[in-house]
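Numbering (the numbering used here), first residue to last: 50 to 229.
Each remark here refers to the structure printed beneath this line.
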């Protein structure tokens with residue numbers, strides 16, 4: 050049974066939780082937002098934000114490429130201390146063991162990740178379907194999620210679409226809060 054399609058799914062989740070404390074439920078997207086604003090369930094939930102994939106996670110999920118432990122810390126040390134030996138060893142190991150098996154142009158893979166690869170739902174899909182899923186997600190956020198937080202008028206919704214499109218189509222150096 051898909052509980053989140055029920056009208057009062059948060060109350061149903063509360064009943065399940067009250068009956069059996071050894072239950073684990075995950076709510077994402079609009080459902081998680083609804084959960085946060087529902088009095089029955091908010092007190093019984095633990096909120097954990099999940100961010101878009103970083104490039105290493107993307108490569109792991111798409112190509113099963115593992116990065117060495119402590120990679121971020123090694124790069125941080127290199128930036129702040131100037132010591133490059135550890136990072137050079139890791140770079141050589143990554144190239145020899147993992148990235149050479151990719152058989153891809155790495156710059157092209159990076160560009161694909163930046164355009165399409167930040168969300169797990171993009172893996173193993175066509176670019177056309179990724180764009181459509183992303184646009185559908187934007188529509189759900191504006192049409193459904195905003196109303197969970199507060200009621201918005203039609204003109205505000207239309208302005209929200211315009212604002213999101215401006216932000217999405219702008220280059221980082223072109224966008225400023227004054228222009229918005």
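The C-beta atom is built at its ideal place from N, Cα and C for all residues, glycine as well.
- Annotation: residue 69 is outside any alpha helix (DSSP H) and is labelled neither H nor E by DSSP.
- Beyond the five residues adjoining it in sequence on each side, residue 127 comes within less than 6 Å, by CB distance, of 133 and 136 in the same chain, given in chain order.
- Contact between the region 73 to 89 and the region 104 to 119 is absent: fewer than three C-beta pairs spanning the two stretches fall below 8 Å.
- Scanning its chain for C-beta atoms nearer than 8 Å, with the 5 sequence neighbours on each side dropped, one finds around residue 197 the residues 79, 82, 83 and 86, in chain order.
- Our two residues, residue 70 and residue 61, have alpha carbons roughly 14 Å apart in a direct line.
- Annotation: the continuous alpha helix (DSSP H) that includes residue 209 extends over 203 to 218.
- DSSP, read as helix, strand or coil, puts residue 120 in helix.
- Of the candidates 199, 195, 223 and 222, the residue whose Cα lies closest to the Cα of residue 210 is 195.
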